[in-house]
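Enquirer: So that we are looking at the same thing, I have put the structure below in structure tokens.
Residue numbers (the UniProt record's numbering): 1 to 109.
Here it is, written out as structure tokens:
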């Protein structure tokens with residue numbers, strides 16, 4: 001314990017408008033992002049729906065559509081009983097994640 005690999009892979013983005021910075025209570029459970037499980041929103045592909053942007057669950061790799069998409073599958077996955085609250089963007093050139101439970105923007109550590 002205490003090695004470099006024990007450090008969380010993500011950190012909460014600094015909000016300069018706040019005196020006390022928020023804390024994400026879900027970062028300790030995430031070490032390395034699993035490979036995305038699909039090249040499209042798994043649920044939209046199954047339903048025949050469309051999506052705007054994709055998010056990958058940092059707990060299991062599930063690929064879901066963003067909150068701008070009609071079905072918001074990443075949000076639904078995050079709030080499902082299995083408790084996978086953090087997802088990263090799969091958009092090319094974007095390196096950020098979102099904690100759906102704490103509603104926090106995350107950046108690579």
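Even for Gly, the Cβ is constructed at its ideal location relative to N, Cα and C.
To the nearest angstrom, how far is it from the Cα of residue 40 to the Cα of residue 22?
Expert: On the chain shown, residue 40 is found 40 positions in, with the first residue counted as 1. On the chain shown, residue 22 is found 22 positions in, with the first residue counted as 1. Approximately 32 Å, taken between the alpha carbons.
Enquirer: Leaving out the 5 sequence neighbours to the left and right, which residues in its chain are closer than 8 Å to residue 104 when beta-carbon positions are compared?
Expert: Against the chain shown, residue 104 aligns to sequence position 104. Closer than 8 Å at Cβ, skipping near neighbours: 12, 13, 22, 24, 98.
Enquirer: Taking the straight line between their C-alpha atoms, what separation do you get for residue 30 and residue 102?
Expert: As a position in the chain shown, residue 30 is number 30, starting the count at 1. As a position in the chain shown, residue 102 is number 102, starting the count at 1. Going from the Cα of residue 30 to the Cα of residue 102 covers about 15 Å.
Enquirer: How would you call residue 48, buried or exposed, if buried means at least 16 neighbouring beta carbons within 10 angstroms?
Expert: Reading the chain shown from its first residue, position 48 is the one you call residue 48. Under this definition residue 48 is an exposed residue.
Enquirer: Mapping DSSP to helix, strand and coil, what is residue 24?
Expert: Indexing the chain shown from 1 puts residue 24 at position 24. The answer is coil: DSSP assigns residue 24 none of H, G, I, E or B.
Enquirer: How long is the line joining the alpha carbons of residue 79 and residue 32, rounded to whole angstroms?
Expert: Here residue 79 refers to the residue found at position 79 when the chain shown is read from its first residue. Here residue 32 refers to the residue found at position 32 when the chain shown is read from its first residue. Spanning the two alpha carbons is a distance of roughly 21 Å.
Enquirer: Who are the near neighbours of residue 85 in its chain, counting only those whose CB is closer than 6 Å to its CB and skipping five residues on each side?
Expert: Sequence index remark: in the chain shown, residue 85 carries index 85 (1-based). 26, 78, 99, 100, 101, listed in sequence order.
Enquirer: Check residue 65 in the structure and name its three-state DSSP category.
Expert: Translated into positions along the chain shown, residue 65 becomes position 65. Here residue 65 sits in strand by DSSP.
Enquirer: Tell me which residues share the same chain as residue 53 and place their Cβ nearer than 8 Å to its Cβ, disregarding the 5 neighbours each side in the sequence.
Expert: By 1-based counting over the chain shown, the position of residue 53 is 53. Excluding positions up to five away in sequence, the list reads 65, 66, 68, 69, 89, 90, 91.
Enquirer: Once the 5 residues before and after residue 73 are set aside, which same chain residues still bring their CB inside 6 Å of it?
Expert: The residue given as residue 73 occupies position 73 in the chain shown. These residues qualify, in order along the chain: 41, 43, 64, 65.
Enquirer: Which stretch, first to last residue, makes up the beta strand (DSSP E) that contains residue 104?
Expert: Along the chain shown, read from residue 1 onward, the residue named residue 104 stands at position 104. Note, residue 104: beta strand (DSSP E), 104 to 108.
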